[in-house]
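Enquirer: Starting off with a structure, shown below.
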Amino acid sequence: MSVSAAGAPAPATTNTLSREPSGTRKGGGFRPEIEGLRAVAVLLVAFYHVWFGRVSGGVDVFLLLTGFLITGSLVRALERDGRIGLAAFWTKLARRLTPAAAVVLAATLAATWLWLPRSRWTDVIAQVRAAALYHENWALARAAVDYLARESAASPVQHFWSLSIQGQFYLLWPLLLGLTALVAARLRVRSDLAFPAVVGLVFAASLAYSVWITGTNQAWAYFDTGARLWEPALGGLLALVVHRIDLPVRLRVVLGWAGLLALVSCGVLLQVSTLFPGYVALWPTGAAVMVVLAGSGTRFGADRLLTWKPLMALGALSYPFYLWHWPVLVCYLAVTDRSLASPLGGVFVLALSLLLALVTSKAVEGGVERLTRAPARRSPAWSLGVAAALLAPVLAATALWSGRIEEEQQARAEEVRTPAYYPGARLAVDPSLLLQEMPVRPDPADASQDLSPHHARGCHVPLTQSEVTVCDAGPADAEHTLALVGASRVAHWYPSVLEAAEDNGWRLLSFTKSGCQFGTGPHTRGGEPFPECEAWNAEAMEILERERPDAVFTSSTRASPAGERVHEGFVERWRQLDALGIDVIGMRDLPRRDTAGAECVESRPLEECVSPAGYSQAAADPAAAADLPGNVTTVDLTEYVCPDGRCDAVIGNVLVFWDHSHMTATYSATLAPVMDEALRGATGW
Numbered sequence: 137m138s139v140s141a142a143g144a145p146a147p148a149t150t151n152t153l154s155r156e157p158s159g160t161r162k163g164g165g166f167r168p169e170i171e172g173l174r175a176v177a178v179l180l181v182a183f184y185h186v187w188f189g190r191v192s193g194g195v196d197v198f199l200l201l202t203g204f205l206i207t208g209s210l211v212r213a214l215e216r217d218g219r220i221g222l223a224a225f226w227t228k229l230a231r232r233l234t235p236a237a238a239v240v241l242a243a244t245l246a247a248t249w250l251w252l253p254r255s256r257w258t259d260v261i262a263q264v265r266a267a268a269l270y271h272e273n274w275a276l277a278r279a280a281v282d283y284l285a286r287e288s289a290a291s292p293v294q295h296f297w298s299l300s301i302q303g304q305f306y307l308l309w310p311l312l313l314g315l316t317a318l319v320a321a322r323l324r325v326r327s328d329l330a331f332p333a334v335v336g337l338v339f340a341a342s343l344a345y346s347v348w349i350t351g352t353n354q355a356w357a358y359f360d361t362g363a364r365l366w367e368p369a370l371g372g373l374l375a376l377v378v379h380r381i382d383l384p385v386r387l388r389v390v391l392g393w394a395g396l397l398a399l400v401s402c403g404v405l406l407q408v409s410t411l412f413p414g415y416v417a418l419w420p421t422g423a424a425v426m427v428v429l430a431g432s433g434t435r436f437g438a439d440r441l442l443t444w445k446p447l448m449a450l451g452a453l454s455y456p457f458y459l460w461h462w463p464v465l466v467c468y469l470a471v472t473d474r475s476l477a478s479p480l481g482g483v484f485v486l487a488l489s490l491l492l493a494l495v496t497s498k499a500v501e502g503g504v505e506r507l508t509r510a511p512a513r514r515s516p517a518w519s520l521g522v523a524a525a526l527l528a529p530v531l532a533a534t535a536l537w538s539g540r541i542e543e544e545q546q547a548r549a550e551e552v553r554t555p556a557y558y559p560g561a562r563l564a565v566d567p568s569l570l571l572q573e574m575p576v577r578p579d580p581a582d583a584s585q586d587l588s589p590h591h592a593r594g595c596h597v598p599l600t601q602s603e604v605t606v607c608d609a610g611p612a613d614a615e616h617t618l619a620l621v622g623a624s625r626v627a628h629w630y631p632s633v634l635e636a637a638e639d640n641g642w643r644l645l646s647f648t649k650s651g652c653q654f655g656t657g658p659h660t661r662g663g664e665p666f667p668e669c670e671a672w673n674a675e676a677m678e679i680l681e682r683e684r685p686d687a688v689f690t691s692s693t694r695a696s697p698a699g700e701r702v703h704e705g706f707v708e709r710w711r712q713l714d715a716l717g718i719d720v721i722g723m724r725d726l727p728r729r730d731t732a733g734a735e736c737v738e739s740r741p742l743e744e745c746v747s748p749a750g751y752s753q754a755a756a757d758p759a760a761a762a763d764l765p766g767n768v769t770t771v772d773l774t775e776y777v778c779p780d781g782r783c784d785a786v787i788g789n790v791l792v793f794w795d796h797s798h799m800t801a802t803y804s805a806t807l808a809p810v811m812d813e814a815l816r817g818a819t820g821w
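Taking the working numbering, the leading residue of the sequence shown gets 137, the next gets one more, and so forth.
Laid out in structure tokens, this is it:
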């Protein structure tokens with residue numbers, strides 16, 4: 137299989153992090169300064185991760201160098217042979233990249249089982265699978281805009297997002313350049329004009345998209361391949377023109393040091409994780425361009441540092457070092473219960489990562505290289521077979537493990553159906569209940585999936601969705617209709633409200649949206665406009681005007697460590713409902729915990745997993761003292777979730793909160809008796 141402009145074999149390939157020839161001049165000459173630039177970039181990534189909990193811009197350099205090296209390699213092959221052997225190109229890449237990645241992923245699964253809380257297992261397994269199949273960036277993009285996943289701990293394989301983008305680039309780029317060569321040959325256009333034109337168009341289109349999507353949805357953009365494609369494309373442009381640029385030595389010296397200084401200072405001066413990858417990412421990529429243009433061979437240039445043997449040796453290990461540093465750091469932080477490494481702990485993380493990288497390079501990558509050294513074992517079939525043989529056990533392990541977890545979850549779900557063993561909130565109602573000590577349910581490992589049917593049916597929509605999805609339960613001709621409307625902290629009441637509605641024969645409409653308060657605008661998120669929430673609110677009001685429920689169940693306050701208050705726009709929205717003849721049941725927001733419920737239960741004694749209600753909730757309900765329209769009745773069930781001002785992680789053997797702020801569906805369901813009483817008291821039904 138090949139893409140050709142005339143005829144023949146596959147190009148030599150290069151990966152920015154793997155042990156490949158570092159850089160190439162027009163004729164394929166070695167560029168030693170790029171090996172050192174790799175080392176600087178990977179050290180920046182690791183240092184900022186380990187000691188500062190920040191990102192540095194080093195990954196952007198890797199993406200640029202990917203485009204620089206791969207474009208140069210592919211174009212030289214096209215000029216030399218007239219074709220790109222796609223099968224040979226892709227399978228050779230798989231053979232080079234897979235051994236180290238597969239070993240790290242397998243080790244991460246083992247470390248997860250040994251050291252990480254079970255509440256994180258399901259997420260880690262899913263992300264290992266995504267990393268092995270090179271779509272981890274999309275998995276993280278979905279999680280980044282998932283309001284319910286925003287407090288999830290860092291995955292030990294989340295650094296594979298950049299490798300996934302590189303993998304997707306490797307699939308696209310030879311096709312694009314091969315097609316460009318083919319069209320240029322048919323149209324009799326010089327290839328040295330066609331390649332820069334096409335690569336420049338990709339660069340411009342991707343950068344424009346990146347600036348737009350970063351401005352509108354930066355959390356998604358950070359992992360979006362389309363928003364990152366301009367970085368390797370910029371490297372590709374550089375590869376196509378660098379041999380034509382002959383700069384004076386003095387200018388090269390200035391460019392080299394200025395580029396190196398700009399690269400090192402990027403993570404200090406910019407909050408990369410919240411600004412990239414729009415035009416701001418031109419800082420580290422532009423710095424890398426300056427270093428590449430400076431080249432090597434100057435007496436006082438930055439290349440004197442970049443070609444220092446220890447730095448070049450680290451550059452040769454940069455791929456396995458990058459792979460190892462993050463899971464080692466995540467496991468260290470989990471075991472030591474720290475959010476950042478101590479000075480000595482950070483040294484330990486880096487030293488262990490370097491040792492593992494060295495072993496991986498010599499034993500694993502070197503072993504595969506020795507195994508496939510014979511000419512008969514250099515075929516695409518052999519390369520593909522090696523990659524498959526290494527990845528298959530990882531994928532099989534994720535499938536078997538996740539299947540086992542699902543079976544255990546189902547068995548545990550049956551246990552909770554015995555109220556005598558799992559009274560939950562009933563114990564808060566009647567402390568005299570005889571309580572037999574049982575394992576906590578839902579199990580912390582299952583807690584993040586312990587969501588109500590409201591979520592399962594899609595009636596709770598994510599941050600990025602603006603359309604309302606309505607769940608309709610109960611008889612259509614019911615005497616009374618109740619609508620549950622609001623954000624995720626309204627949605628977590630759904631199990632108890634549904635049971636109360638079913639017991640009383642009411643019709644229940646429900647529609648909620650992550651991070652979106654049911655009130656008049658303007659709606660913002662993180663200080664930025666939130667147009668999806670504006671649109672969702674407008675449609676929600678249209679539905680309520682059409683359906684005319686007897687009452688709307690929604691939040692009356694918002695509690696946070698900054699204080700509890702009646703949110704802007706709530707009262708005005710209630711007045712609009714009053715004009716429609718719809719009553720409002722304003723449910724006081726529950727306190728937020730200072731620790732995540734599930735993870736605390738796994739890692740600490742239960743008596744330590746207590747958060748004071750005053751951490752985020754006012755002494756008295758702010759809504760009760762507000763100037764409310766006559767259609768509003770406020771309800772406060774805090775005493776059944778945080779009795780006596782204590783927000784225990786577990787009540788009546790039932791886990792109360794699965795994260796910092798959302799009840800488990802299991803605990804919410806145990807609130808049904810008090811919810812029934814509260815709703816009938818508020819409505820008079």
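Every residue gets a Cβ at the ideal spot worked out from N, C-alpha and C, and that includes glycine.
Predicted, not measured: the structure shown is a model, and the values here were computed from it.
What first and last residue would you give for the alpha helix (DSSP H) that runs through R212?
Expert: Looking at the DSSP string, the run of the alpha helix (DSSP H) that includes R212 is 194-217.
Enquirer: Would V319 be called buried (16 or more neighbouring beta carbons within 10 Å of its own) or exposed?
Expert: Per the 10 Å Cβ criterion, exposed.
Enquirer: On the premise that V335 lies in contact with A369, defined as a C-beta separation below 8 Å, what is that separation, rounded to the nearest angstrom?
Expert: Right, their Cβ atoms sit about 6 Å apart.
Enquirer: How long is the line joining the alpha carbons of G159 and I170, rounded to whole angstroms?
Expert: In this prediction, G159 has a pLDDT of 38, which is less than 50 and means its spatial position is unreliable; what the coordinates show is noted afterwards. So the two alpha carbons sit approximately 6 Å from each other.
Enquirer: Grouping DSSP H, G and I as helix and E and B as strand, with all else coil, what is I718?
Expert: In this structure, I718 counts as coil in the three-state DSSP scheme.
Enquirer: Could you say which of A417, G733, P384 lies nearest to H747 if we only look at CA atoms?
Expert: Checking the sequence, you will find Ser at residue 747 rather than His. Considering only alpha carbons, the answer is G733.
Enquirer: What first and last residue would you give for the beta strand (DSSP E) that runs through T648?
Expert: T648 -> beta strand (DSSP E) spans 643-649.
Enquirer: Rounded to whole angstroms, what's the CA-CA distance from N151 to Y358? Just pull it up for me.
Expert: Low confidence applies to N151: its pLDDT is 40, below 50, so where it sits in the model is not reliable enough to give any reading.
Enquirer: Looking only at its chain, what residues have a beta carbon closer than 6 Å to the beta carbon of P578, apart from the 5 residues adjacent to it on each side?
Expert: These residues qualify, in order along the chain: D586, L791, T800, T802.
Enquirer: Does the separation of the CB atoms of T648 and G722 fall below 8 Å?
Expert: Taking 8 Å as the Cβ cut-off, T648 and G722 do not qualify as a contacting pair.
Enquirer: Let me know if T352 comes out buried or exposed under the rule of 16 or more other beta-carbons within 10 Å of its beta-carbon.
Expert: It counts as exposed.
Enquirer: Using only alpha-carbon positions, find the residue among A330, P446, L726 that is nearest to A754.
Expert: Here the closest residue by C-alpha is L726.
Enquirer: As a quick exercise: from A493, W537, H461, pick the residue whose alpha carbon is nearest that of H185.
Expert: Nearest of A493, W537, H461 to H185, Cα basis: H461.
Enquirer: Residues in its own chain within less than 6 Å of A814 by CB, not counting five upstream and five downstream?
Expert: Excluding positions up to five away in sequence, the list reads V771.
Enquirer: Taking a contact to mean a Cβ-Cβ separation below 8 Å, would you say G594 touches G788 in this structure?
Expert: Taking 8 Å as the Cβ cut-off, G594 and G788 do not qualify as a contacting pair.
Enquirer: Taking the alpha carbon of A564 as the reference point, which residue from L773, P631, A532, C607 has its own alpha carbon closest?
Expert: Among L773, P631, A532, C607, the Cα nearest to that of A564 is on L773.
Enquirer: On the three-state DSSP scale, how would you describe V790?
Expert: In this structure, V790 counts as strand in the three-state DSSP scheme.
Enquirer: Can you look up V702 in the DSSP assignment and give me helix, strand or coil?
Expert: The answer is coil: DSSP assigns V702 none of H, G, I, E or B.
Enquirer: Under 8 Å, do V178 and G194 count as touching if we go by C-beta distance?
Expert: Yes.
Enquirer: Between V416, G422, T202, which has its C-alpha nearest Y455's C-alpha?
Expert: Comparing Cα positions, the closest option is T202.
Enquirer: Taking 7 Å as the limit between beta carbons, can you name the residues of its chain near P479, skipping five residues before and five after?
Expert: Cβ neighbours of P479 beyond the five flanking positions: none.
Enquirer: Tell me whether I381 is buried or exposed, calling it buried when 16 or more other Cβ atoms sit within 10 Å of its Cβ.
Expert: Per the 10 Å Cβ criterion, exposed.
Enquirer: Assign G817 to one of three DSSP states: helix, strand, or coil.
Expert: The answer is helix: DSSP assigns G817 an H, G or I state.
Enquirer: Could you say which of L742, S327, G433, G372 lies nearest to T207 if we only look at CA atoms?
Expert: Minimum Cα distance to T207 is reached at G372.
Enquirer: Taking R167 as the reference, give the member of G433, D719, L329 with the closest Cα.
Expert: Nearest C-alpha to R167: G433.
Enquirer: Of the residues V633, L599, G622, L233, which one's Cα is nearest the Cα of L807?
Expert: The residue with the shortest Cα to Cα distance from L807 is V633.
Enquirer: If I'm right that A317 touches L222 with Cβ under 8 Å, what's the distance once you round it to whole angstroms?
Expert: At roughly 13 Å, the Cβ-Cβ gap does not stay under 8 Å, so A317 and L222 are not in contact.
Enquirer: For the beta strand (DSSP E) containing G314, list its first residue and its last residue.
Expert: That residue, G314, is in no beta strand (DSSP E); its alpha helix (DSSP H) goes 296-323.
Enquirer: Among I541, A749, S650, W297, which has the Cα closest to the Cα of R364?
Expert: Checked all of I541, A749, S650, W297; the closest Cα to R364 is W297.
Enquirer: With distances taken between CB atoms, is the gap from V211 to L376 smaller than 8 Å?
Expert: Yes, these two residues count as a Cβ contact at 8 Å.
Enquirer: Measuring CB to CB, does T508 end up less than 8 Å from R231?
Expert: Against a cut-off of 8 Å, the Cβ pair of R231 and T508 comes out as a contact.
Enquirer: So, A831 versus M448, is the Cβ gap smaller than 8 Å?
Expert: Not covered by the structure: residue 831. The range shown for the chain is 137 to 821.
Enquirer: So, at 6 Å on beta carbons, what are the nonlocal neighbours of V197 in its own chain, with the 5 sequence-adjacent residues on each side left out?
Expert: Only A177, P420, A424 meet the Cβ criterion.
Enquirer: Roughly how many whole angstroms lie between the Cα atoms of L796 and A627?
Expert: The amino acid at residue 796 is misidentified as Leu; the sequence shows His. Computed Cα separation, rounded: 15 Å.
Enquirer: Pull up the DSSP beta-bridge partners for V186, would you.
Expert: In DSSP, V186 forms no bridge with anything.
Enquirer: Can you give me the C-alpha to C-alpha distance between A623 and A818, rounded to a whole angstrom?
Expert: If you take the alpha carbons of A623 and A818, they lie about 21 Å apart.
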